[in-house]
Amino acid sequence: MSFNPADNIQDLQYYGEFGGVNPSISDSSTFTFLSAKTMFDTFEGNADGCYLYARHSTPSNLYLGKALAAMEGTETANVSASGMGAITPVILQICGAGDHIVSSRTIYGGTYAFLKNFSPRLGIKTTFVDITKLDIVEAAITKNTKVLYCEAVSNPLLEVADIKGLSVLAKKHNLKLVVDNTFSPLSISPAKLGADVVCHSLTKFINGSSDTVGGVVCGTQEFINDLRNVNDGASMLLGSTMDSLRASSILKNMRTLHIRMKQHSFNAAYLADKFQADGLITVYPGLDSHPSHNLFKSSMNTEFGFGGMLTIDVGTLEKANELMELMQQKNIGNLAVSLGFYRTLFSAPGTSTSSEIPADEQKEMGLSKGLIRFSIGLDNDIERTYQMMKSCMIEVGVL
Ligand code: PLP
1431 MSFNPADNIQ DLQYYGEFGG VNPSISDSST FTFLSAKTMF DTFEGNADGC
1481 YLYARHSTPS NLYLGKALAA MEGTETANVS ASGMGAITPV ILQICGAGDH
1531 IVSSRTIYGG TYAFLKNFSP RLGIKTTFVD ITKLDIVEAA ITKNTKVLYC
1581 EAVSNPLLEV ADIKGLSVLA KKHNLKLVVD NTFSPLSISP AKLGADVVCH
1631 SLTKFINGSS DTVGGVVCGT QEFINDLRNV NDGASMLLGS TMDSLRASSI
1681 LKNMRTLHIR MKQHSFNAAY LADKFQADGL ITVYPGLDSH PSHNLFKSSM
1731 NTEFGFGGML TIDVGTLEKA NELMELMQQK NIGNLAVSLG FYRTLFSAPG
1781 TSTSSEIPAD EQKEMGLSKG LIRFSIGLDN DIERTYQMMK SCMIEVGVL
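Taking my numbering, I'd label the letters of the sequence shown as residues 1431 to 1829.
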């Protein structure tokens, strides 16, 4: 049978202590041992099924981790307090002083800032490249390179990484391919395409309620054990642990992820088609005009579509701001960062989520000031939304 991430999530069922249809929430930061020997063995990592301390793991966190591992088709997963709390320990677990990373230049601003400004303080250097050009990626690899880093669909430019091609390079040069799949859950399964480690910000589509931050690292049992190791595990020691109460609420929201992603994708594809036909500069992986449309199409789990993110370029920041403020006034959505909410969210990345990237680098990578990033919501009647957006665009002179 072929791999289906939504079926894999559905097939997991846990029961609560008293037969509840949802698993019980673990409400403890520490756990009792019947024998001191078992406690010692657990510290050594040799007591499967025993819980030690909530920063290490909890039943609720493990339930959520299992669902995410099932979704990504990896052996296991480790949840964390935020997306950055997943990504940064992965980098620090694999790399030490003197090591080198080759990263896509179009990635979330926070990850970019970590690689550009923070990790060099620890002796870890990063070369940023156009990830869609495999020859340029390979040319940037040095003898010290340990990680190839990219987003499956990049924030905010919606570039699509050739994960299969990158994984061939990673294997050839003995590197770990780390892929952030925040923009394309269910649609793309990076581990199935050859990624070694898959990270998510759960804050976005997976939780879908814009009520918490959260993150996950999906990978092999060996790698996740390394992250959780009490002696030198970056997740364990840096301490970005998810709270159990949150893990249980995110798990419940995950039960509707497949339905939500189909609706996000349907609505975004509808608007992208209309915007493009209206003559707006529109970027959406589902459009034939997207440079990596065929690549996405050949790598995707078709039924979940091309995702809920699209961009338009309205020329100037002033126009972008005017349009976004008007759309908010008309109750079409919110002028807000983040994504994956039931409402449409829009922001100008150059002055918000990618503001960590210096202006000249933004220009070089094609991030123009008039770019608006949309996370398209779950609107019931998307033609009605389109008509409302269009009248705002006409009012501010974008159409
Ligand atoms: N990765 C991507 C692609 C993101 O868009 C974000 C946040 O916007 C993150 C990671 C960081 O996630 P968090 O805000 O949950 O730490």
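Glycine included, each C-beta is placed from N, C-alpha and C at the ideal position.
In the DSSP assignment, what are the bridge partners of Lys1606? DSSP, once it has assigned bridges, lists Val1577 as partnering Lys1606.
So Leu1653 is in the alpha helix (DSSP H); what residue range does that whole segment cover? Going by the sequence as given, residue 1653 is Phe instead of Leu. Note, Phe1653: alpha helix (DSSP H), Gln1651 to Arg1658.
So for Leu1829, helix, strand or coil by DSSP? Of the three classes helix, strand and coil, the one that applies to Leu1829 here is coil, per DSSP.
Best match in Thr1686, Gly1528 and Asn1508 for proximity to Asn1854 [C-alpha to C-alpha]: Only positions 1431 to 1829 of the chain appear in the structure, and residue 1854 is not among them; the question remains open.
Mind checking which residues open and close the beta strand (DSSP E) that includes Leu1775? Unbroken beta strand (DSSP E) run through Leu1775: Thr1774 to Ser1777.
Based on the DSSP secondary-structure assignment, which residues constitute the bridge partners of Leu1765? Leu1765 pairs with Phe1776.
With three or more C-beta pairs closer than 8 Å as the rule, is the region 1624 to 1633 touching the region 1475 to 1488? Touching, no.
Where do the N-terminal and C-terminal ends of the beta strand (DSSP E) with Leu1801 fall, by residue? From DSSP, the beta strand (DSSP E) with Leu1801 extends over Leu1801 to Ser1805.
Please tell me whether, using a cut-off of 8 Å, the distance from the CB of Ile1806 to the nearest non-hydrogen atom of ligand 1 is below it. It does not: the Cβ of Ile1806 is nowhere closer than 8 Å to a heavy atom of ligand 1.
Write down every uninterrupted run of the beta strand (DSSP E) in the region 1672 to 1711 whose length is 3 residues or greater and which is fully enclosed by it, in chain order. The region 1672 to 1711 contains no whole beta strand (DSSP E) run of 3 or more residues.
Measuring only from the beta carbon, is Gly1553 closer than 8 Å to any heavy atom that is part of ligand 1? With a threshold of 8 Å, the Cβ atom of Gly1553 does not count as near ligand 1, since no heavy atom of the ligand is closer than that.
Among residues of its own chain, excluding the 5 on either side of Tyr1542, which ones have a beta-carbon nearer than 7 Å to its beta-carbon? Excluding positions up to five away in sequence, the list reads Glu1786 and Ile1787.
Go through the region 1480 to 1509 residue by residue and report every complete run of the alpha helix (DSSP H) that reaches 4 residues or more, in order. Taking only runs of at least 4 residues, the alpha helix (DSSP H) segments lying wholly in the region 1480 to 1509 are 1489 to 1502.
Determine the direct distance from the alpha carbon of Gly1450 to that of Phe1544, and round the result to whole angstroms. Cα to Cα, the separation comes out at about 42 Å.
Among Thr1518, Ile1531, Arg1535 and Asn1637, which residue has its Cα nearest to the Cα of Ser1768? Among Thr1518, Ile1531, Arg1535 and Asn1637, the Cα nearest to that of Ser1768 is on Asn1637.
Cβ of Gly1738 versus every heavy atom of ligand 1: is any distance shorter than 8 Å? Checking every heavy atom of ligand 1 against the Cβ of Gly1738, none is found closer than 8 Å.
Figure out for me which residue from Ser1617, Phe1433 and Gln1651 has the closest Cα to the Cα of Gly1737. With distances taken between Cα atoms, Gly1737 lies closest to Ser1617.
Since Leu1564 is in the alpha helix (DSSP H), which residue starts that stretch and which ends it? Looking at the DSSP string, the run of the alpha helix (DSSP H) that includes Leu1564 is Leu1564 to Ala1570.
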